[in-house]
Amino acid sequence: MSGDGSRRPRVAVFRPDDERIEAAVELLRSLGAEPVPDPMLEVEPTGAVPASAPLVALTSKTGVELAAAAGWEPGDADLAAIGPATAAAAREAGWTVDVVPEEYTSAGLVAALEPRVAGERVVVARSDHGSDVLLDGLREAGADVTETVLYRLTRPTGAGDSAELAAAGDLDAVAFTSSLTVDNFLAAAADRGVEDAARAGLADAVVGVIGPPTAETAADRGIDVDVVPDEASFDALATAVVDALDETAARHD
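Taking our numbering, the leading residue of the sequence shown gets -1, the next gets one more, and so forth.
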């Protein structure tokens, strides 16, 4: 771990600049870390709503909220939610959730839906950066799959303060919450002319990722991953990252 041990460890968090990053900052502070909020994702709604189908799969809280705000209702459709946060948002909208997989990933959702989708029309409603794993897996299971892009994810203009800190050796950990946050961190570092130094800073920091797909992206980009929590949630990720920082600090005492 970088730093002198006399300050709280700095942990970069990349959630969108809304209540999610506020909650992340609050959680990290409660765990004894100094959050470095650096939003790497900006949500641009498309105005689309899920097409009509017997089964609709929702892969994010954001997607649920946008569909609800646009006045969409599932009607007779069964709903599948990729994880508890998405399911909770759907229930808050007044919808019934029929399927939540044991593993909160695209692969987990495919596994949960495989037994019921052969010959069925399925709509996958999500961002423009969704994994092919979900679409391909459902098609292989025999589903007739349509994708509805509810929103686009872009990199905010001002993103990259955390990359500067990493480049200076002043960042103790990062908490990547999607493959896109990994790519956008590196792109922001490149824009600021500090990519090589930022990569070196990450090598000396604790790198946490929310789940296996993000871990795979990080590895593909040459970033060593230290922490993948058992549950794909930000709470679990933040806790695991801070635990790893504590273990590192104990080894250096």
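The beta-carbon is built from N, C-alpha and C at its ideal position, and this holds for glycine as well. Keep in mind it's a predicted model, so treat the numbers as computed, not measured.
Per DSSP, the bridge partner or partners of residue 125 = In the sequence shown, residue 125 corresponds to position 127, counting from 1. Looking at the DSSP assignment, residue 125 forms a beta bridge with 149.
Close-in-space but distant-in-sequence residues of the same chain around residue 224 (CB under 8 Å, 5 per side omitted) | Taking the sequence shown and counting its residues from 1, the one referred to as residue 224 is at position 226. Here the set comprises 204, 205, 206, 242.
Select from 230, 63, 77, 202 the residue whose C-alpha is nearest the C-alpha of residue 210.
-> On the sequence shown, position 212 is the one that residue 210 refers to. Measuring from the Cα of residue 210, the nearest candidate turns out to be 230.
State the beta-bridge partners of residue 206 as determined by DSSP.
-> Here the question's residue 206 lines up with position 208 in the sequence shown. According to DSSP, which records beta bridges pairwise, residue 206 is partnered with 173, 225.
Does the separation of the CB atoms of residue 120 and residue 141 fall below 7 Å?
-> Taking the first residue of the sequence shown as 1, we reach residue 120 at position 122. Taking the first residue of the sequence shown as 1, we reach residue 141 at position 143. Yes.
If we call anything under 7 Å between Cβ atoms a contact, is residue 157 one with residue 198?
-> To locate residue 157, count along the sequence shown from 1; it is residue 159. To locate residue 198, count along the sequence shown from 1; it is residue 200. No, these two residues do not count as a Cβ contact at 7 Å.
Measure how close the beta-carbons of residue 41 and residue 48 come, nearest whole angstrom, since I'm counting them as under 8 Å.
-> What you label residue 41 is simply residue 43 of the sequence shown in a count that begins at 1. What you label residue 48 is simply residue 50 of the sequence shown in a count that begins at 1. Incorrect: roughly 17 Å between the Cβ atoms, too far for contact.
Going by the CB atoms, is the gap between residue 85 and residue 97 shorter than 7 Å?
-> As a working note, residue 97 is residue 99 in the sequence shown. As a working note, residue 85 is residue 87 in the sequence shown. No, the Cβ-Cβ distance between residue 97 and residue 85 is not below 7 Å.
So, residue 87 versus residue 63, is the Cβ gap smaller than 7 Å?
-> The residue given as residue 87 occupies position 89 in the sequence shown. The residue given as residue 63 occupies position 65 in the sequence shown. Yes; because the gap between Cβ atoms is below 7 Å, this pair is in contact.
Determine the direct distance from the alpha carbon of residue 112 to that of residue 139, and round the result to whole angstroms.
-> Taking the sequence shown and counting its residues from 1, the one referred to as residue 139 is at position 141. Taking the sequence shown and counting its residues from 1, the one referred to as residue 112 is at position 114. Going by the C-alpha atoms only, they are around 6 Å apart.
Can you name, in chain order, every residue of its own chain whose Cβ lies under 7 Å from the Cβ of residue 263, other than the five neighbours on each side?
-> Examination of residue 263 is not possible in this model, given that the chain is present from -1 through 251 alone.
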